[in-house]
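For reference, the structure is listed below as structure tokens.
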Amino acid sequence: MSGKADSLKTILYALGANFAIFLAKAAAAFVTGSGAMLAEAVHSLADCGNQGLLLIGLKDAKAPPSPDYPLGHGKAIYFWSFLVALLLFSVGGAFSIYEGIHKLTAHEPLNMPWIAVGVLVFGIIAESISMAACMREVNKARRGRSLWRWFRDSRQSELIVIFGEDLAALLGLVLALLAVLLTMLTGNPVFDALGTLAIGVLLVVVAVFIAVEVKALLIGQGVEPERKAAIESFLTARPEISRVFNLVTLQLGNDVMLAVKAEMSRDLATPGIVDAINAVEKDLKAEFPEILWSFFEPDAAD
12 MSGKADSLKT
22 ILYALGANFA
32 IFLAKAAAAF
42 VTGSGAMLAE
52 AVHSLADCGN
62 QGLLLIGLKD
72 AKAPPSPDYP
82 LGHGKAIYFW
92 SFLVALLLFS
102 VGGAFSIYEG
112 IHKLTAHEPL
122 NMPWIAVGVL
132 VFGIIAESIS
142 MAACMREVNK
152 ARRGRSLWRW
162 FRDSRQSELI
172 VIFGEDLAAL
182 LGLVLALLAV
192 LLTMLTGNPV
202 FDALGTLAIG
212 VLLVVVAVFI
222 AVEVKALLIG
232 QGVEPERKAA
242 IESFLTARPE
252 ISRVFNLVTL
262 QLGNDVMLAV
272 KAEMSRDLAT
282 PGIVDAINAV
292 EKDLKAEFPE
302 ILWSFFEPDA
312 AD
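For the sequence shown, the numbering used here gives the first residue as 12, with consecutive numbering after it.
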């Protein structure tokens with residue numbers, strides 16, 4: 012697929028950054044007693060687990076077709092991506108909200124808050140590097156579209172998840188840093204608790220948006236609108252085809268299934284229709300290599 016992003020590279024960048032950040036956050040949370048820092052440590056650990064699940068999904072999606080799965084296992088990545096969204100919601104968001112509520116009632120002071128500040132600054136730098144790597148791949152895929160339009164149209168669920176996670180992680184780190192700094196300046200631990208709550212709400216919102224997008228892919232979305240229009244234009248321009256009555260696509264991970272109902276050129280004799288269809292399908296798959304299965308139905312009417 013033109014503009015195809017390298018999801019594996021993006022996942023590995025995010026995994027390395029999040030594991031380093033988790034270790035630093037966990038140590039700082041233990042020393043300082045910061046709820047916002049603890050929420051961020053749990054968030055980073057959950058992200059590491061999530062990226063591990065996405066790697067499993069990418070591996071499962073490469074399994075070959077079988078009698079039970081004639082169209083292959085490409086959609087396996089959608090299941091694992093949806094599971095990541097659920098974990099981001101529960102382990103990340105729900106835990107942070109719980110910790111924030113607990114801190115609001117406990118009013119525990121911070122110990123050595125400068126350690127937390129240093130770790131958060133390190134985390135912001137490391138997460139920015141991961142986000143930059145993610146954005147390089149996203150920019151390959153979005154082809155001039157806005158980030159929101161790409162997020163809504165993209166069929167790469169694993170890239171959607173990594174983008175959402177990296178964005179939530181970076182914003183969460185900024186919120187945690189603000190919470191710790193305000194607590195230091197005012198001496199009021201309520202700001203730390205409010206920062207923890209804000210991080211939890213942020214994670215829940217991002218998880219919901221990711222889940223909605225991946226749910227559509229699980230149900231059975233076609234290819235991106237621009238890609239479908241390009242396929243239809245390709246077929247319409249073929250001399251063997253007079254009219255395209257119907258074009259159905261189904262996104263199956265990195266692969267695509269295509270079904271076409273079309274009127275063949277009247278110049279073709281009946282024996283030549285099969286050769287014409289074979290020629291169209293061969294050139295179609297060369298132009299759009301993501302199409303793994305194609306089903307062509309010649310007809311005289313819709």
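From the three backbone atoms N, C-alpha and C, an ideal C-beta is built for every residue, glycine too.
Environment of residue i [buried if 16+ CB atoms lie within 10 Å]
{"i": "Tyr24", "result": "buried"}
{"i": "Thr314", "result": "Look at the range of the chain in this structure, 12 to 313, and you will see that residue 314 is not part of it."}
{"i": "Ala287", "result": "buried"}
{"i": "His54", "result": "buried"}
{"i": "Pro75", "result": "exposed"}
{"i": "Asn29", "result": "buried"}
As assigned by DSSP and simplified to three states, the class of residue i
{"i": "Arg166", "result": "coil"}
{"i": "Val239", "result": "Inspection of the sequence shows that residue 239 is occupied by Lys rather than by Val. Note: Lys239 maps to helix in three-state DSSP."}
{"i": "Phe245", "result": "helix"}
{"i": "Glu301", "result": "coil"}
{"i": "Leu23", "result": "helix"}
{"i": "Met142", "result": "helix"}
{"i": "Pro124", "result": "helix"}
{"i": "His54", "result": "helix"}
{"i": "Ala117", "result": "helix"}
{"i": "Arg160", "result": "helix"}
Residue i versus residue j: straight-line alpha-carbon distance, rounded
{"i": "Phe133", "j": "Phe90", "result": "33 Å"}
{"i": "Leu65", "j": "Ile284", "result": "44 Å"}
{"i": "Met123", "j": "Val191", "result": "11 Å"}
{"i": "Ala218", "j": "Val212", "result": "10 Å"}
{"i": "Glu292", "j": "Ser305", "result": "7 Å"}
{"i": "Ala179", "j": "Arg160", "result": "18 Å"}
{"i": "Val225", "j": "Val172", "result": "9 Å"}
{"i": "Lys272", "j": "Leu99", "result": "42 Å"}
{"i": "Glu308", "j": "Ala144", "result": "43 Å"}
{"i": "Ala31", "j": "Arg166", "result": "30 Å"}
{"i": "Gln62", "j": "Lys20", "result": "11 Å"}
Residues that residue i bridges to, as DSSP identifies them
{"i": "Glu274", "result": "Arg254"}
{"i": "Leu263", "result": "Asp266"}
{"i": "Phe90", "result": "For Phe90, which the question treats as bridged, DSSP gives no partner whatsoever."}
{"i": "Pro309", "result": "Ala273"}
Member of the options whose CA lies at the smallest distance from the CA of residue i
{"i": "Ala96", "options": "Ala297, Leu170, Val234 and Lys151", "result": "Leu170"}
{"i": "Thr207", "options": "Leu158, Ser276, Val149 and Tyr109", "result": "Tyr109"}
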